[in-house]
């Protein structure tokens, strides 16, 4: 049993090294990516969308050339455990999702994902066994047509110096940067050393 | 010259393998992460914020335990080439940013980042030489106080089945999932095979 070009064990090691621990969601994500790529009739995906920010983006980043930093992976966090991949010059994408109708047959995975039991009462050993055995059997796939608004990157960003913080920012954001428009993730504008 | 625990060449190879090509932004990002971690008085960062979705998130994911999928890296895309990292139980973070005042001394990097010349006329060899020589000399750092709203994860998401698409979704989103509320990144709701 392989996950893309890796053996199951090799993939677990990759996940441990990148994600920090062998999270069930990343392993399931590995099987989802594997299914999506096997269905996609192309050497590699040109891009990917992930519908959750939890676990699944790391499986995509580990198994495809699509990363957050190269812009080929977009996280559109609408909370479904699903991904879509597409090939170059194809308007259609393959979407793979965790299918609740199929999940019901795997009680330990089901209990974990749906939080049916408190964490302490969940059988982690049984869950890991089920994840390996189930593979992509808990997923379904279909074709979707991409909304270009979510796919097109910021192609030609021009920078200027913000008159307030004196840092570089995309001038398309306005006369000053978004941080100085109140969108900074910090409490009040920092005082520079 | 090292970038965190890697030699410069080792880091370039990592970047090539993960990001797909040796992008100047990821190399500069590597020096920025290195500077941030050297300043952070902790074994490893508990979390990170990246203020751009371009290049820099991959340097953070390669050099710290913070990834998109494990929730320890948040991209707050306000367009500044900057990152912040923090240690556990510290309200303050170290923020490192590309400093335009310092960038001016490095003409090839400056021309590339600010797109002062058409791509064809840029001297890519000179730029790579400058990037290696400059290291983190083109950056500045200061302390910032984090806004908890951007740092706290989705801790205990409860899932239900969406009555429209029959998929699992966080019930906190409403009576149906965000995709079925019109937020899907696809053109019209997909027909399932």
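Chains as they are written, first to last, in my numbering: chain A, 306 to 498; chain B, 306 to 498. Note that beta-carbon positions come from the ideal geometry of N, C-alpha and C, so glycine has one too. All values derive from a computational prediction rather than experimental measurement.
Subject >> Beta-carbon gap between residue 331 of chain B and residue 320 of chain B smaller than 7 Å >> reply: yes
Subject >> CA nearest to the CA of residue 269 of chain B, picked from B/464, B/373, B/387 and B/324 >> reply: Outside the shown range of chain B (306 to 498) lies residue 269 of chain B, about which nothing can therefore be said.
Subject >> Beta carbon of residue 353 of chain B nearer than 7 Å to that of residue 390 of chain B >> reply: Their beta carbons are under 7 Å apart, which means residue 353 of chain B touches residue 390 of chain B by this criterion.
Original post:
Is the distance from the Cβ of residue 381 of chain B to the Cβ of residue 490 of chain A below 7 Å?
Top reply: yes
Subject >> Where residue 386 of chain A falls: helix, strand or coil (DSSP) >> reply: Three-state DSSP puts residue 386 of chain A in coil, outside helix and strand.
**OP:** Please confirm if residue 469 of chain A has its CB atom under 7 Å from at least one CB of chain B.
**Re:** So, not an interface residue.
Subject >> Three-state class that DSSP yields for residue 476 of chain A in the structure shown >> reply: helix
Original post:
Can you round the beta-carbon distance between residue 360 of chain A and residue 403 of chain A to whole angstroms, since I take them to be within the 8 Å contact cut?
Top reply: The pair is not a contact, with the Cβ atoms about 11 Å apart (cut-off 8 Å).
**OP:** Quick one: list the residues of chain A neighbouring residue 491 of chain B, beta-carbon separation under 9 Å, in chain order.
**Re:** 354, 389, 398, 400, 449, 450, 451, 452 and 455
Original post:
Between residue 488 of chain B and chain A, is there a C-beta pair that is closer than 7 Å?
Top reply: Interface with chain A (7 Å Cβ-Cβ cutoff): residue 488 of chain B is included.
**OP:** Buried or exposed for residue 454 of chain A, please, with buried defined as at least 16 other CB atoms from any protein chain shown within 10 angstroms of its CB.
**Re:** The residue in question, residue 454 of chain A, is exposed, as its Cβ has fewer than 16 Cβ neighbours within 10 Å.
Original post:
Shortest alpha-carbon distance to residue 462 of chain B belongs to which of B/479, B/412, B/362 and B/329?
Top reply: B/479
Original post:
Among B/312, B/362, B/377 and B/416, which residue has its Cα nearest to the Cα of residue 435 of chain B?
Top reply: B/416
Subject >> Classification of residue 358 of chain A by the beta-carbon crowding that lies within 10 angstroms, buried from 16 upward >> reply: buried
**OP:** Please compile the residues from chain B whose C-beta is within a distance smaller than 8 Å of the C-beta of residue 484 of chain A.
**Re:** 356, 383 and 385
Original post:
So residue 449 of chain A is in the beta strand (DSSP E); what residue range does that whole segment cover?
Top reply: 444-450
Subject >> Residues that residue 363 of chain A contacts on chain B, provided the C-beta gap is smaller than 9 Å >> reply: 366, 372, 373, 374 and 375
Original post:
What are the uninterrupted segments assigned as beta strand (DSSP E) that are 3 or more residues long and contained completely in the segment 392-454 of chain B, given in chain order?
Top reply: 397-403 and 444-450
**OP:** Examine chain A for any beta-carbon lying closer than 7 Å to the beta-carbon of residue 360 of chain B, and answer yes or no.
**Re:** Interface residue, yes.
**OP:** Run the CB neighbour count on residue 367 of chain A, radius 10 Å, all protein chains shown included, and call it buried at 16 or more, exposed below.
**Re:** buried
Original post:
By Cβ distance, which residues of its chain are closer than 7 Å to residue 329 of chain B, with the 5 residues on each side in sequence left out?
Top reply: Contacts found: 417, 432 and 436.
**OP:** At 7 Å on the CB atoms, spell out the chain A contacts of residue 419 of chain B, in chain order.
**Re:** Here the neighbours are 464.
Original post:
At a CB-CB cut-off below 9 Å, which residues of chain A make contact with residue 345 of chain B?
Top reply: Those within 9 Å of residue 345 of chain B in chain A number zero; the least Cβ separation is about 15 Å.
Original post:
Looking at the unbroken beta strand (DSSP E) that takes in residue 313 of chain B, where does it start and where does it end?
Top reply: Not the beta strand (DSSP E): residue 313 of chain B falls in the alpha helix (DSSP H), residues 313-324.
Subject >> Short CB-CB distance (under 7 Å) between residue 405 of chain A and chain B >> reply: yes
Original post:
Hey, residue 326 of chain A and residue 374 of chain B: beta-carbon distance below 7 Å or not?
Top reply: In this structure, the beta-carbon distance from residue 326 of chain A to residue 374 of chain B does not fall below 7 Å.
Original post:
Along the chain, where does the beta strand (DSSP E) that runs through residue 354 of chain B open and close?
Top reply: Note, residue 354 of chain B: beta strand (DSSP E), 352-355.
Original post:
How is residue 376 of chain B classed by DSSP in three states: helix, strand or coil?
Top reply: Coil, per DSSP.
**OP:** With DSSP as the reference, label residue 333 of chain B as helix, strand or coil.
**Re:** helix
Original post:
At a Cβ threshold of 7 Å, is residue 335 of chain B touching chain A?
Top reply: no
Original post:
On the premise that residue 393 of chain A lies in contact with residue 351 of chain A, defined as a C-beta separation below 8 Å, what is that separation, rounded to the nearest angstrom?
Top reply: 4 Å
Original post:
Cβ of residue 473 of chain A less than 7 Å from any chain B Cβ?
Top reply: yes
Subject >> Inter-residue Cα distance where the pair is residue 467 of chain A and residue 384 of chain B >> reply: 11 Å
Original post:
In terms of residues, what are the limits of the alpha helix (DSSP H) holding residue 365 of chain B?
Top reply: Following the DSSP letters along the chain, one finds residue 365 of chain B inside the alpha helix (DSSP H) bounded by residues 361-368.
**OP:** Spell out the partners DSSP gives residue 492 of chain A in its beta bridges.
**Re:** DSSP lists no partner for residue 492 of chain A.
Original post:
Does the distance from the CB of residue 355 of chain A to the CB of residue 362 of chain A come in under 7 Å?
Top reply: yes
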